[in-house]
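**Student:** Would you mind keeping the following structure in view while I ask a few things?
In the working numbering, the protein residues as written are 767 to 849.
Below you can see the structure in the form of structure tokens.
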């Protein structure tokens, strides 16, 4: 198991109550649920930032398609799945 550390988080009373209710219903600790929620958020945000950085790099390298070409590709993809 990885070493853990403590972080203090400020939240509204309502959110704390909801977290407590979820902990009760899932028989998990509030700490466990908070860690899972923060981990998921951080993973998604880092993934999004990497995608934006990749898009900017593609743009700088001229690896782009026109708006009309992008729309055409999207329409083709949708049509494949509508059949």
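Ideal placement from N, C-alpha and C gives every residue a C-beta, glycine not left out.
Since the model is a prediction, treat every value here as computed from it, not as a measurement.
Is it the case that the Cβ atoms of residue 781 and residue 788 are separated by a distance below 8 Å?
**Tutor:** No, Cβ-Cβ distance for residue 781 and residue 788 is not below 8 Å.
**Student:** Does residue 816 come out as helix, strand or coil in the three-state DSSP assignment?
**Tutor:** Helix, per DSSP.
**Student:** Helix, strand or coil for residue 809 per DSSP?
**Tutor:** Helix at residue 809.
**Student:** Quick one: what does DSSP say residue 792 is sitting in, helix, strand or coil?
**Tutor:** Note: residue 792 maps to helix in three-state DSSP.
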